[in-house]
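Accompanying notes for the structure given below.
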Amino acid sequence: MTLRNLSSSYFMGSIPASLGNDITQLAYLDLSFNSFSGHIPSSFSNLQQLRLLDLRYNNFVGKIPDIFTNLTRLSYLGLGGNQLIGSIPSSIFELLNLTFAISVAAWMWDIGVHTLIYLELSRNFLTNIDHLPWKNLEYLHLDSNLLQGSLLNLPPHMREFSISRNNLTGEIPSSFCNLSYIRFFDSSNNSLSGQILQCLGNSTLDTLDLGMNNFQDMRMNKFSGSLPQTFAKSCVLVSLNLNGNRLEGPLPPSLVNCRHLEVIDVGNNQINDTFPHWLDVLPELQVLTLRSNRFRGPIDDTKTRVPFPKLRIIDLSYNRFTGVLPIWYLHGNDIQMERILTTFATIDLSSNRFQGEILEVLGKLNSLKSLNISHNNLTGGIPSSLRNLTELESLDLSSNKLAGRIPTQLASLNYLSVRPGGPQFNTFGNDSYSGNSGLCGFPLSKSCSTDEAPEPTTPTGFIEGDDASSWFDWKLAKLGYASGVVIGLSIGYMAFVTGRPQ
Numbered sequence: 000m001t002l003r004n005l006s007s008s009y010f011m012g013s014i015p016a017s018l019g020n021d022i023t024q025l026a027y028l029d030l031s032f033n034s035f036s037g038h039i040p041s042s043f044s045n046l047q048q049l050r051l052l053d054l055r056y057n058n059f060v061g062k063i064p065d066i067f068t069n070l071t072r073l074s075y076l077g078l079g080g081n082q083l084i085g086s087i088p089s090s091i092f093e094l095l096n097l098t099f100a101i102s103v104a105a106w107m108w109d110i111g112v113h114t115l116i117y118l119e120l121s122r123n124f125l126t127n128i129d130h131l132p133w134k135n136l137e138y139l140h141l142d143s144n145l146l147q148g149s150l151l152n153l154p155p156h157m158r159e160f161s162i163s164r165n166n167l168t169g170e171i172p173s174s175f176c177n178l179s180y181i182r183f184f185d186s187s188n189n190s191l192s193g194q195i196l197q198c199l200g201n202s203t204l205d206t207l208d209l210g211m212n213n214f215q216d217m218r219m220n221k222f223s224g225s226l227p228q229t230f231a232k233s234c235v236l237v238s239l240n241l242n243g244n245r246l247e248g249p250l251p252p253s254l255v256n257c258r259h260l261e262v263i264d265v266g267n268n269q270i271n272d273t274f275p276h277w278l279d280v281l282p283e284l285q286v287l288t289l290r291s292n293r294f295r296g297p298i299d300d301t302k303t304r305v306p307f308p309k310l311r312i313i314d315l316s317y318n319r320f321t322g323v324l325p326i327w328y329l330h331g332n333d334i335q336m337e338r339i340l341t342t343f344a345t346i347d348l349s350s351n352r353f354q355g356e357i358l359e360v361l362g363k364l365n366s367l368k369s370l371n372i373s374h375n376n377l378t379g380g381i382p383s384s385l386r387n388l389t390e391l392e393s394l395d396l397s398s399n400k401l402a403g404r405i406p407t408q409l410a411s412l413n414y415l416s417v418r419p420g421g422p423q424f425n426t427f428g429n430d431s432y433s434g435n436s437g438l439c440g441f442p443l444s445k446s447c448s449t450d451e452a453p454e455p456t457t458p459t460g461f462i463e464g465d466d467a468s469s470w471f472d473w474k475l476a477k478l479g480y481a482s483g484v485v486i487g488l489s490i491g492y493m494a495f496v497t498g499r500p501q
């Protein structure tokens, strides 16, 4: 006998403790929807051929026995609807093919129907919640479960709702527009689709997260259409994350009404627009991510006296921006240089169509850890000011049109793993400089002629007489990984990145 289906058979009483010793070849055992009681027999550990074990909706009590070490073929386990207590045996999590069928215990539906305000069920193995009986619920967290189906209809007083990292499908229900008190909504990392409700721009939300972080996962949300075009002047959004969807059209200029915005992440969509310079008036904006869209054209001069006053991270990579590096954001007003020295920063300007020379001012970013300006059309030499980047660990200048001798001063960088002349220099090949046929000197195999200038001078874009710190009005110095910016972002945001994959 390899299969035994006793589901919904009106059985009751306890299961014999030795049952597992008598049916060792069993592959499928379904005892669900009966009235079995007592403990789950530990002899089930002998069912080494078992692929399915369904004990749902009985009256089993006590702890879940540690029977799973030998059940290596088990692919389905149903334990919901019982009265089990204690912790889940760690051996369950070693079963690589296992899926769970665990529902909210029946007794929970009767608790605080009119009084429950806060419910935390995150990081469980829940597969289904078909309704919410709690009339006055305000805070509901269901993140990191195995929930399927569509989004729930929420109680009218809901203030905070998070259901990220599940397997939800379908659209956001229109009833969401009736939630007058909602302030936080996170449904990221699901498979939701359809249009984003226009009412979200006029809601009381301060955090809206419909994005996801694993861009190769085909189960990402699939919202389509355009962003809400009207964000009311009463907008209180602090974080807007729509990353990894299929949104089109331009960014709505009414976003400037959201004066409290700290994070705008619309990366990995199909947005077609020019650089949204009008966002530089947002006083609290710290993170701007536009990567992997269809943004195009030059980044024009700004008329804002102090643009992006608090910006820490700007990621414009994998777009179609053109022209020279935006020095007008680097030039003109005061900046707290000590912020440069204490903030981790990674700058990636790679895979773009930027022209001109490498800015001498980059040498003032003393906290810079990684600099990547590869795959552009930059010309001229490598400025010797890069020797001031004493914290630099990674440098990539490849695939440009650079020329001249590689500055020997780079050997003084203590942490650079690819630096010429240092202890690790022998492991540094030509790759970081490849594609620049005009470069010469160590570590390249191409030597420089004796009449060649030893090192490049300050690029022509530098304005003599300017205070060095004034170049950083763009707040590039503040674009590093600020310790206070933890707004639901994954690690790996670049300080400034532009371009589009080939």
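Per numbering that gives the first Met the number 0, the sequence shown starts with residue 0, numbered consecutively. Even for Gly, the Cβ is constructed at its ideal location relative to N, Cα and C.
Unbroken beta strand (DSSP E) run spanning residue i, endpoints
i    : result
L438 : G437 to C439
A402 : K400 to R404
E93  : No beta strand (DSSP E) holds E93; DSSP gives it neither H nor E.
I84  : Q82 to I84
D65  : No beta strand (DSSP E) holds D65; DSSP gives it neither H nor E.
Y117 : Y117 to E119
N376 : N376 to G379
R295 : R295 to P297
D53  : L51 to D53
N371 : L367 to N371
S13  : M11 to S13
F43  : F43 -> no beta strand (DSSP E), and no H or E assigned at all.
Y75  : Y75 to G77
T71  : Looking at the DSSP string, T71 is not in any beta strand (DSSP E), and its letter there is neither H nor E.
G169 : N166 to G169
D185 : F183 to D185
Q354 : Q354 to E356
Q194 : S190 to Q194
Whole-number beta carbon distance between residue j and residue i, since they are thought to touch under 8 Å
i    : j    : result
S118 : L146 : First, the amino acid is wrong: residue 118 is Leu here, not Ser. That belief does not hold up - the Cβ atoms of L118 and L146 are roughly 14 Å apart, past 8 Å.
N244 : N268 : 5 Å
N242 : T288 : 7 Å
P132 : N152 : The pair is not a contact, with the Cβ atoms about 12 Å apart (cut-off 8 Å).
Element boundaries [alpha helix (DSSP H), containing residue i]
i   : result
G19 : L18 to D21
Where residue i sits in the DSSP three-state scheme
i    : result
F320 : strand
S225 : strand
G362 : helix
S31  : coil
D472 : Only weak support is given to the placement of D472: the predicted model assigns it a pLDDT of 29, under 50, and the question is left unresolved by the model.
N144 : coil
A494 : Since pLDDT at A494 reaches only 29, below the 50 mark, its modelled position is unreliable, and no value is offered.
V255 : helix
L385 : helix
D347 : strand
S291 : coil
V512 : The shown model of the chain, from 0 to 501, leaves out residue 512, and the question about it has no answer.
V265 : coil
N152 : coil
Q48  : coil
V112 : coil
V60  : strand
L278 : helix
T206 : strand
F160 : strand
Beta-carbon proximity list for residue i, same chain, < 6 Å, skipping 5 on both sides
i    : result
L52  : L28 and L76
T426 : Residue confidence for T426 is low, a pLDDT of 38 falling below 50, so the modelled location carries little weight and cannot support an answer.
S17  : S42
G322 : P297
N123 : N144
L254 : F230
F274 : I298
I162 : L141 and S186
E170 : G193
L281 : L260
Nonlocal neighbours in the same chain, by C-beta distance under 8 Å from residue i, ignoring five residues either side
i    : result
N4   : Y27 and D29
N135 : H113, T114, L115, I116, P154 and H156
L73  : L49, R50, L51, L52, F67, L94, N96 and L97
N399 : I372, S373, H374, N375, N376, L377, T378, G434 and N435
L167 : L146, Q147, G148, S149, L150, S186, N189, S190 and L191
S121 : H140, L141, D142, S143, N144 and S161
Beta-carbon contacts of residue i that lie in its chain and below 7 Å, excluding the five residues immediately before and after
i   : result
S31 : S6, D53, L54, R55, Y56 and G77
N20 : S42 and N45
D65 : P88 and S90
Any non-hydrogen atom of the ligand MG within 6 Å of residue i CB
i    : result
T229 : The model on display carries no ligand, and the ligand MG is accordingly not part of it.
Margin query: Below 8 Å, how does it come out for the region 314 to 323 and the region 361 to 373: are there three or more Cβ pairs, yes or no?
Written below: no
Note to self: Measuring CB atoms only, is the region 228 to 235 touching the region 246 to 261, in the sense that at least three cross pairs come out at less than 8 Å?
What the structure shows: yes
Check: Counting pairs of beta carbons, one from the region 48 to 63 and one from the region 77 to 92, are three or more of them closer than 8 Å?
Finding: yes
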